[in-house]
Amino acid sequence: MRNSSLFFLYLSTGVFLLGLLLLHAAFSEKARQENLGEKAAMVKALRLTDLCLFTEARYTRHLSQADLNTAFQDHPLSLEHFPSGSFTQPPKELPNAHESLD
Amino acid sequence: MRAWIEKQRYIIDFTISSLLRRKVKNFGLLALYTLIVFILASTMFFTYSIKKEASLILKGAPEIVVQKIVAGRHDLFPLSYIETIKSIRGVAAVESRLWGYYYDSLVSANYTLLTPPGQAEAAGTVAVVDSGASFRPCRSSQPCKSPAKTTAVESESGAPHAADLSKPLFEFNGIALEPGTLIIGNGIARLRNIGKGDYMPFLTFDGKVVNFKIAGTLSSQSELVSADLMLITGADFRKLFGIDNSVVTDLTVAVNNPSEVAMVASKIKKRLPQARPIIRDEILRTYDSIFNWRGGMMIVIFSAAVLAFVIFAWDKASGLSAGERREIGILKAVGWETSDVIQMKFWEGAMISLTAFFSGVILAYIHVFFTGSIVFEPALKGWSSLYPHFELTPFINLEQLTTLFFLTVVPYTVATIVPIWRAATIDPDSAMRFTGE
Amino acid sequence: MIELVNVKKVFNAGNPSEFSALNSVSLYIEGNQVTVLKGPSGSGKTTLLSIVGCMSRPSAGRVKLNGREITSLPERFLTDIRRKTFGFIFQQPNLIKGISVLDNVMLPAYPLGEKRSHLKMKAMKGLSELNIADKSASKVEWLSGGEAQRASIVRALINDPHIIIADEPTAHLDTKLSYRFMEIIEKFKSEGKTVIITSHDPLVYESAIVDSVVKLRDGQIEASST
């Protein structure tokens, strides 16, 4: 087969596959509503506040409950030493302990 | 028009033959380029999906959580404060929460121990809220039943035996949580290889060993929120950690009017200066900014990718080898115009970048949504022993994808064409002299 | 056919290394004839050839092709004319390494976008006329000197040019192959084509096939004899 035909074949396969995957994404969203619903229901039922992503330390496990100081509870100069700390940032309202409520 | 198409095909033919001449170098280049796209696209898919999923799942999180802060640290919350909060106008309900962490040295893992709602109060008080009733139903088309059920029993404070009878029975998905038992998350079950009916020893606050029986496990589908959870009765929790009946960990507050949440929270803060209210919006926003590219490991990945890319483009743009120049000379001498040569170089850049883009993105999709981000797992797991198994729901941000496309294809193609400009414009006579050597 | 009027060519103009390759050359080349440009190296033969073949422009003077002036045409038109009118045979075969003989031969026709099956047929026909059809799929590195030269001739002919231009074609060929080459030239002439050759090989310029010899020395025409 001609080289250029091979390339076009590859390209169209690529486009087609990508299209398929995007369709998969669209369908999955629907199909996974049940799963999402189950998790959402659990959150409501148990009054949960965080995803269980980083179980290394207290303040990485419950990101939304931690405040500025929890990271430093171990030591005043405690630099971030958990790897997952590099994924998560302190909330935008840095100077305040919580967002402005007034 | 046909001639133009045919011409492009010829040029592509020739370009591919040209590239195949230096197979190792060009395949290496393509592989590296694809790898960069793969990493960037994987990162993109992963972070967007997690954020989207977090925003959907945590919609039902408590409207306000109130913590007590002493000297900058979390302190236990006195039950007596509840009255103060209940009296604020706009408060629909107040519930207390008992939860904490237990470190299991056997597997070096942290567990989150949680007392189900309605259990936190000591025996003898009444649960104010009927669990599951006051919150909105789930998203599915049928009205969703709360998986949790608490049968609240009224009682008066008084005789000790009456207290036992009045303890509410908690059920989760049909599994009953009785005193002395635990319902554990699937992550723990996996980590310690235990299941329903097994016993698990715990060390209490005063050094005693207590055995708990596993009543059941939470579903594997819900690991993203429950992998490290352990549901325990209120009494057992207090026994384990030595927590007095007069305190709880924190409170959750439900508000009558959703738009008044901030106002209620500020009132709480005013009346209880040591209180720290956290509203649901903050919770959701925390997860919105997770994995932001500006932070930590993300920026390292991003910078490395950009740098690698710049090196490629630089290599291409910084000029031609003698062999390439000679070849262009020959092409011009046999009748190719400057524009033909430039078209050839355009296809060279475009072919490599298009191939890299499609291969990289398709592989990234499979990587993130079919294999659960296997490449990222070590980084995400960090130092934790317990890591949830979860299948991310594919949420795709088309905007990001399109941007990635343009960033992948355009700069590289341009970089390939740039050095050609000078070489392509030499007149054939010089080419002939060159080639006449 | 091809007329040059007072053509000058200066290289590196304005620099200390400036030198004049052609000095006021006026020449008329007849159609359907074999013309040889003869002279020692440095006489400007190659320069003259490249101007005649629209490969470069003169620094001064005019060039006319079939009565039409082409000196100041934009590059795009010049290339078009060159592609359709001239077939160039270089001193070295100058084939592109790493691709097949067939691909090399079809190369000049790519920008014209001709149908591939048609083009391939033309190419194979040209290759078989010069007895190298069996080598069409081989990479050019595997060809002998003579085969490579023949392949480059086929390439020069792929667009059916009227005028064949050859620069020192026998420089790297042995006697037998040189005679073979002249036979090919004779065939061109019989097909009505015009041939212009530069050479300092007596085998070429003393050949009976040659119609006119133009002597060049130091960038000027010494004498021309027919």
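The listed protein sequences correspond, in order, to chains A, B and C. Be aware that the first sequence starts at 5, since it is given in this note's numbering, and climbs by one per residue. Be aware that the second sequence starts at -18, since it is given in this note's numbering, and climbs by one per residue. Be aware that the third sequence starts at 2, since it is given in this note's numbering, and climbs by one per residue. Here a beta-carbon is modelled for each residue, glycine too, at the ideal position from N, C-alpha and C.
Could you round the C-beta distance between residue i and residue j to whole angstroms and report it? I think they count as a contact, below 8 Å.
i: Y29(C); j: E4(C); result: 5 Å
i: L288(B); j: F19(B); result: About 16 Å separates the two Cβ atoms, so there is no contact after all.
i: E76(B); j: T185(B); result: About 26 Å separates the two Cβ atoms, so there is no contact after all.
i: L37(B); j: L40(A); result: 6 Å
i: L1(C); j: G88(C); result: The displayed coordinates of chain C run from 2 to 227. Any statement about residue 1(C) would go beyond what the structure contains.
i: P340(B); j: N7(A); result: It should be noted that the sequence gives Ser, not Pro, for residue 340(B). Not really, about 18 Å apart at Cβ, beyond 8 Å.
i: N167(B); j: A208(B); result: 6 Å
i: I164(C); j: I197(C); result: 7 Å
i: D217(B); j: P160(B); result: 6 Å
i: G176(B); j: I195(B); result: 6 Å
i: K39(C); j: L217(C); result: 7 Å
i: E60(A); j: G363(B); result: 5 Å
What does residue i touch in chain A if you count any residue whose Cβ is under 7 Å from its own?
i: V206(B); result: K43, M46, V47, L52, L55 and C56
i: Y82(B); result: R62
i: A35(B); result: L55
i: T93(B); result: R65
i: Y346(B); result: L25
Which bits of chain C does residue i rub up against, with CB to CB less than 9 Å?
i: S(-2)(B); result: I97, G99, I100, S101 and D104
Comparing alpha-carbon positions, which option in the options lies nearest residue i?
i: V37(C); options: T171(C), D212(C), D219(C) and T86(C); result: D212(C)
i: V342(B); options: S270(B), A22(B) and I169(B); result: A22(B)
i: V6(C); options: G62(C), A167(C), G193(C) and E142(C); result: G62(C)
i: L385(B); options: E(-13)(B), T15(B), D(-6)(B) and R(-17)(B); result: T15(B)
i: G68(C); options: M2(C), E207(C) and N105(C); result: M2(C)
i: V64(C); options: K140(C), A22(C) and S27(C); result: S27(C)
i: T352(B); options: Y(-9)(B), L94(B) and L373(B); result: L373(B)
i: E142(C); options: V102(C), C55(C) and S129(C); result: V102(C)
i: F189(C); options: G127(C), G15(C), P41(C) and K10(C); result: G127(C)
i: L367(B); options: L172(B), K67(B) and N192(B); result: L172(B)
i: T(-4)(B); options: N105(C), L23(C), A14(C) and N13(C); result: N105(C)
i: L13(A); options: P359(B), V395(B) and T336(B); result: T336(B)
i: I282(B); options: Y393(B), Y83(B) and A360(B); result: A360(B)
i: D202(C); options: P41(C), L108(C) and A14(C); result: P41(C)
i: M332(B); options: L210(B), T397(B), N91(B) and K32(B); result: T397(B)
i: R117(C); options: R(-10)(B), V72(B) and E358(B); result: R(-10)(B)
i: F182(C); options: L217(C), V8(C), S139(C) and G146(C); result: G146(C)
i: K270(C); options: K140(C), K98(C) and S57(C); result: Outside the displayed range of chain C (2 to 227) lies residue 270(C), so it cannot be described from this structure.
Looking only at DSSP bridge pairs, what is residue i linked to?
i: F8(B); result: Answer is none; F8(B) lacks a bridge partner.
i: T199(C); result: L38(C) and D168(C)
i: I259(B); result: V46(B)
i: P182(B); result: N192(B)
i: V229(B); result: F58(B)
i: A345(B); result: For A345(B), which the question treats as bridged, DSSP gives no partner whatsoever.
i: V75(B); result: V234(B)
i: Q(-11)(B); result: BP columns for Q(-11)(B) are empty, so no partner.
i: S213(C); result: T36(C)
i: E142(C); result: Answer is none; E142(C) lacks a bridge partner.
i: W80(B); result: L95(B)
i: L66(C); result: I3(C) and R69(C)
i: K9(C); result: A61(C)
i: L212(B); result: L95(B) and I164(B)
Name the chain C residues whose beta carbon is nearer than 8 Å to that of residue i?
i: A(-16)(B); result: L113, G114 and E115
i: E(-13)(B); result: G114, E115, K116 and R117
Check the Cβ of residue i against every Cβ in chain B and list those closer than 9 Å, keeping chain order.
i: L27(A); result: By Cβ distance, chain B contributes nothing, its closest Cβ being about 10 Å from L27(A), past 9 Å.
Confirm the yes/no value for this check: CB of residue i, any heavy atom of the ligand GTP, distance under 6 Å.
i: E223(C); result: You won't find the ligand GTP in this model; it holds no ligand whatsoever.
Just the chain A side, please: which residues come within less than 8 Å of residue i by C-beta, in chain order?
i: S334(B); result: Under the 8 Å cutoff, chain A gives no residues; its nearest Cβ is about 12 Å from S334(B).
Going along chain B in order, which residues have a C-beta closer than 7 Å to the C-beta of residue i?
i: R84(C); result: G316
Run down chain A in chain order and give the residues with a C-beta less than 9 Å from the C-beta of residue i.
i: F339(B); result: Y14, L15, T17, G18, V19, L21 and L22
If the cut is a Cβ gap below 8 Å, which residues of chain B does residue i touch?
i: P109(C); result: V315, G316 and W317
Chain E beta carbons: is any one of them nearer than 7 Å to that of residue i?
i: G363(B); result: This model lacks chain E altogether; the protein chains it does include are A, B and C.
Open item on the list: Please list, in chain order, the residues of the region 9 to 22 of chain A that have any C-beta partner in chain B closer than 9 Å.
Closed with: If the cut-off is 9 Å between Cβ atoms, the region 9 to 22 of chain A has S9, L10, F11, F12, Y14, L15, T17, G18, V19, L21 and L22 near chain B.
TODO: Report the residues of the region 30 to 42 of chain A with a CB closer than 7 Å to any CB of chain B, ordered along the chain.
DONE: S32, E33, R36, Q37, E38, N39, L40, G41 and E42
Task: Interfacial residues, the region 193 to 219 of chain B to chain A, with Cβ spacing under 9 Å - done: Look at the region 193 to 219 of chain B: the residues with a C-beta under 9 Å from a C-beta of chain A are L199, S200, Q202, S203, E204, L205, V206, S207, A208, D209, L210 and L212.
Task: Proximal residues, the region 254 to 285 of chain B versus chain A, C-beta separation under 8 Å - done: Here the close residues are R257, P258, I259, I260, D262, E263, I264, R266, T267, Y268, S270, I271, F272, N273, R275, G276, G277, M278 and M279.
TODO: Please list the residues of the region 297 to 323 of chain B that have a C-beta atom closer than 9 Å to any C-beta atom in chain C, keeping them in chain order.
DONE: G304, R307, E308, G310, I311, L312, K313, A314, V315, G316, W317, E318, T319, S320 and D321
Open item on the list: Along the region 164 to 190 of chain C, where does the CB come closer than 7 Å to a CB of chain B? Name the residues.
Closed with: Within the region 164 to 190 of chain C, contact with chain B at the beta-carbon level (separation under 7 Å) is assigned to no residue.
TODO: Taking only beta carbons into account, state which residues of the region -11 to 20 of chain B come closer than 9 Å to chain C, listed in chain order.
DONE: For the region -11 to 20 of chain B, residues whose beta-carbon sits nearer than 9 Å to a beta-carbon of chain C comprise Q(-11), R(-10), Y(-9), I(-8), D(-6), F(-5), S(-2), S(-1), L1, R2 and R3.
TODO: Select from the region 229 to 257 of chain B all residues with a C-beta closer than 7 Å to any C-beta belonging to chain A, and list them in chain order.
DONE: Going along the region 229 to 257 of chain B in chain order, one finds T233, A243, A246, S247, K250 and R257 with a Cβ nearer than 7 Å to chain A.
Task: Cβ-based contacts, 9 Å cut-off: residues of the region 70 to 82 of chain C near chain B - done: E76, R77, T80 and D81
- [ ] Using a Cβ-Cβ cut-off of less than 8 Å, give me the residues of the region 38 to 65 of chain B that come near chain A, in sequence order.
- [x] I38, L39, K40, G41, A42, P43, V46, Q48, I50, G53, R54 and H55
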